[in-house]
Amino acid sequence: MYYIHSGFGFADVEQLVHVHANTVFRIASISKSFTSLLVGRLLDQHKLAVDDDVRTYVPEFPKKLIDGKYAKIPIRTLLNHTSGIRSYHKENSGTGQAAYPEMLLNKRFDSPLEACRLFQDDPLAHSPGQKYLYSTYAFTLLSAAIERVSTQNGPIFPLPTEPAEDVKTTADSIPKWARIDTQLCRLFQFLGLRSTSLEYHEKLTPFRCKQYRRTTNGVLENTPVVDNSYKWAGGGILSTAPDLIRVANHLASIYMGRLHSHGVVTRDTLTQLWHAYPVNSKGVWQPGLGWFLSRRSGGSISEANICPDRLYVLHTGGAVGSTTALLLSLPCCSNAGTVRPEHGDPEEFTAAISLAPPICVAVLTNLEDSSEISQLAVSLAEVFTEDAVRSVRLNYADHFM
Numbered sequence: 002m003y004y005i006h007s008g009f010g011f012a013d014v015e016q017l018v019h020v021h022a023n024t025v026f027r028i029a030s031i032s033k034s035f036t037s038l039l040v041g042r043l044l045d046q047h048k049l050a051v052d053d054d055v056r057t058y059v060p061e062f063p064k065k066l067i068d069g070k071y072a073k074i075p076i077r078t079l080l081n082h083t084s085g086i087r088s089y090h091k092e093n094s095g096t097g098q099a100a101y102p103e104m105l106l107n108k109r110f111d112s113p114l115e116a117c118r119l120f121q122d123d124p125l126a127h128s129p130g131q132k133y134l135y136s137t138y139a140f141t142l143l144s145a146a147i148e149r150v151s152t153q154n155g156p157i158f159p160l161p162t163e164p165a166e167d168v169k170t171t172a173d174s175i176p177k178w179a180r181i182d183t184q185l186c187r188l189f190q191f192l193g194l195r196s197t198s199l200e201y202h203e204k205l206t207p208f209r210c211k212q213y214r215r216t217t218n219g220v221l222e223n224t225p226v227v228d229n230s231y232k233w234a235g236g237g238i239l240s241t242a243p244d245l246i247r248v249a250n251h252l253a254s255i256y257m258g259r260l261h262s263h264g265v266v267t268r269d270t271l272t273q274l275w276h277a278y279p280v281n282s283k284g285v286w287q288p289g290l291g292w293f294l295s296r297r298s299g300g301s302i303s304e305a306n307i308c309p310d311r312l313y314v315l316h317t318g319g320a321v322g323s324t325t326a327l328l329l330s331l332p333c334c335s336n337a338g339t340v341r342p343e344h345g346d347p348e349e350f351t352a353a354i355s356l357a358p359p360i361c362v363a364v365l366t367n368l369e370d371s372s373e374i375s376q377l378a379v380s381l382a383e384v385f386t387e388d389a390v391r392s393v394r395l396n397y398a399d400h401f402m
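Note that the working numbering has the sequence shown beginning at 2, numbered continuously upward.
This is the structure in structure tokens:
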């Protein structure tokens, strides 16, 4: 395993501070993938099921009706963007993130339940599970459920102190250790992420970059100050490229069967999180549970893994002053590393792509609305895939000649 990292451009344009490996960025919606790992932990601990109605845990959330009938909102649909919970309201007069005034909120929310007031009285856009509608607010509701499940059933991660001694919030009686912000921080600790945290504008964060956007005339300018406390679970995390690669490598090791009982989630649960739901007709990327999936070959993601191919697992992010991507390029089968060719013609070796090891790519920018970020991540992965295929062919040739 080896790492390559590099920084380009400026973390602070006004002070001419260059981007480097330790530069801290808003990772935007990649935060959702962290939240999916918290759900995965709860699944492994049998404290939650993805088909549970979210109102089982958050009964304060108003009942929703579709055609006059109660609409159950399963946890699964919050994770794969089929819940019908609305997205940000858009203003036709704006451009970029400014077209979505709710993304520019600068108010501190004390809890996810309080943040749910932003959208809880709005009707569902469709019956849960029937259509795809990307929704960060769905993850706000999900984080309220995570808090309740943890409060009722105990901590997701071991606590240094007894839960009973913890102070409860005045808002909705959630112990401090069960709050979504605390649980995300414990997840960061479990994964060994030293430069990953929740974003508080007022806190000093070493190596944090500034955020920028371009006007319609192409002029670079600073973005407004925002408070992302309403969406810790859906877009409130700061991190670095090396930390994200650490997470991706950890998950790749689980996928390849190398971590066994030491992973953040079990292999079976990771497979469940990475199960695609082919409901997004607008592209090749289909939603999993907190991730998006595709095949290198462009084949149907709903079919069984067939070698030779590679599985792409992705999440991108677009926030105020930030565009990001985290991609894992994985062998089509987790046991691909044990597969060996039986014929001597390297040209038959499309299968070599399945022998290449996991390749993980993180791309972080401090510029709003950077285009084609997912394609850039795939292109970078392809560079290393081609290099790995050459190595496989050379090793194969040395073995048979």
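Backbone N, C-alpha and C define an ideal beta-carbon position, used for all residues, glycine too. Here the structure is a predicted model, which means the values were calculated and not measured.
Helix or strand or just coil, what does DSSP make of residue 46? coil
Inter-residue spacing [alpha-carbon to alpha-carbon] between residue 403 and residue 112: The displayed coordinates of the chain run from 2 to 402. Any statement about residue 403 would go beyond what the structure contains.
So, residue 58 versus residue 153, is the Cβ gap smaller than 9 Å? yes
Assuming residue 222 is part of the beta strand (DSSP E), what are its boundary residues? 221 to 223
Is any beta-carbon of chain B found at less than 9 Å from that of residue 150? The structure shown contains no chain B; it holds only a single protein chain.
Nearest-angstrom Cα separation, counted from residue 297 out to residue 355: 10 Å
Per DSSP, the bridge partner or partners of residue 361: 329
Identify the residues that DSSP records as bridge partners of residue 403: which are they? The first residue shown for the chain is 2 and the last is 402, placing residue 403 beyond what the model contains.
Within its chain, find whatever has a CB closer than 6 Å to the CB of residue 363; leave out the 5 residues flanking it on each side and keep chain order. 242, 245, 246, 327
Beta-bridge partners of residue 70, as assigned by DSSP: 67
Outcome for residue 359 when other beta-carbon atoms lying within 10 angstroms are tallied against a minimum of 16: buried
Beta-bridge pairing of residue 181 - partner residues as DSSP gives them: According to DSSP, which records beta bridges pairwise, residue 181 is partnered with nothing at all.
Out of 38, 256, 161, 289, point me to the one whose CA is closest to residue 332's CA. 256
Between which two residues does the alpha helix (DSSP H) holding residue 245 run? 242 to 256
What span of residues does the beta strand (DSSP E) with residue 11 cover, start to end? 11 to 13
CA-to-CA distance, residue 295 to residue 287, given in whole angstroms: 7 Å
Out of 301, 79, 238, 216, state which residue places its alpha-carbon closest to the alpha-carbon of residue 186. 238
Between 210, 192, 62, 42, which has its C-alpha nearest residue 250's C-alpha? 192
Residue 320: first and last residue of the uninterrupted beta strand (DSSP E) it sits in: 311 to 320
Give me the residue from 289, 147, 383, 357 with the minimum Cα distance to residue 392. 357
Among all the DSSP beta bridges, which residues are the ones paired with residue 214? 222
So residue 144 and residue 181 are supposed to be a Cβ contact under 8 Å. How far apart are they, rounded? 4 Å
Per DSSP, which residues does residue 191 bridge with? Please list them. In DSSP, residue 191 forms no bridge with anything.
Sort 176, 233, 147, 291 by Cα distance to residue 160 and report the nearest one. 176
With a CB to CB cut of under 7 Å and the five nearest residues on each side skipped, what residues in its chain are close to residue 293? 286, 287, 315, 316
DSSP three-state assignment for residue 160, whether helix, strand or coil: coil
If we ignore side chains and look at the alpha-carbon of each, how far apart do residue 299 and residue 311 end up? 10 Å
Within 10 Å of its beta-carbon, does residue 375 have 16 or more other beta-carbons around it, so buried, or fewer, so exposed? buried
Residue 239 (DSSP reduced to helix, strand or coil): strand
Which value, in whole angstroms, describes the spacing of the CA atoms of residue 253 and residue 218? 42 Å
For residue 52, three-class secondary structure by DSSP: coil
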